[in-house]
Amino acid sequence: MATVHLTRTARFCASHRYYRPDWSEEQNFDRFGACANAPAHGHNYICTITISGKPNPEVGMVLDLAVFDRILQEEIVDRFDHRHINDAAEQFGSGQDIPTSEMLAIFFFNRIAARLPDGVTLKGVRVEETPGFFAEYFGEE
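Quick note on the numbering used here: the sequence shown kicks off at 351 and runs consecutively.
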């Protein structure tokens with residue numbers, strides 16, 4: 351049976367702040383502009399997740415959509431919707447990774463990939479912060 355790609359979208363609204371506590375306010379503003387302003391600024395994120403695999407011949411699916419949806423709900427929506435990203439995941443806490451679209455794409459990729467069953471591969475994660483601006487991550491090359 352042929353390999354098929356399956357794509358699902360998850361949406362969430364969240365705020366974040368680009369800020370390095372080891373830099374001065376001026377350094378943060380020079381590097382990150384208004385994105386460094388406290389307490390934060392928000393976006394309506396759209397995350398597109400693509401998996402691949404061979405459809406199970408008994409049910410015709412690569413992955414049961416209820417399972418796929420549950421993974422995306424738990425790893426993306428429940429974790430970040432209507433939250434401050436810097437507080438919602440330790441990885442993005444003070445002095446840790448800056449919660450850019452790039453870093454969110456890597457974070458989601460790693461969390462989702464670890465939950466997929468055998469035979470299903472995560473191909474990529476796209477995190478859209480605003481219309482016309484997004485980051486994509488396809489795993490280590």
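All C-beta atoms, glycine included, are put in the ideal place defined by N, C-alpha and C.
Counting only the Cα atoms, Ser-374 lies some 29 Å from Asn-394. When the alpha-carbon of Arg-465 is set against those of Val-409, Arg-420 and Pro-405, the nearest one is in Arg-420. In terms of Cβ geometry, Ser-451 and Val-477 form a close pair [threshold 8 Å].
Nearest to Thr-400 by C-alpha distance, out of Ala-364, Val-412, Phe-382 and His-434, is Val-412. Bridge partners of Ala-360 according to DSSP: Cys-397. Taking a 10 Å sphere around the C-beta of Pro-449, we find 16 or more other C-beta atoms and assign the residue as buried. Taking the C-beta atoms as reference points, Arg-358 is found no nearer than 8 Å to Leu-454.
Arg-461 carries a helical assignment under DSSP once its states are collapsed to helix, strand and coil.
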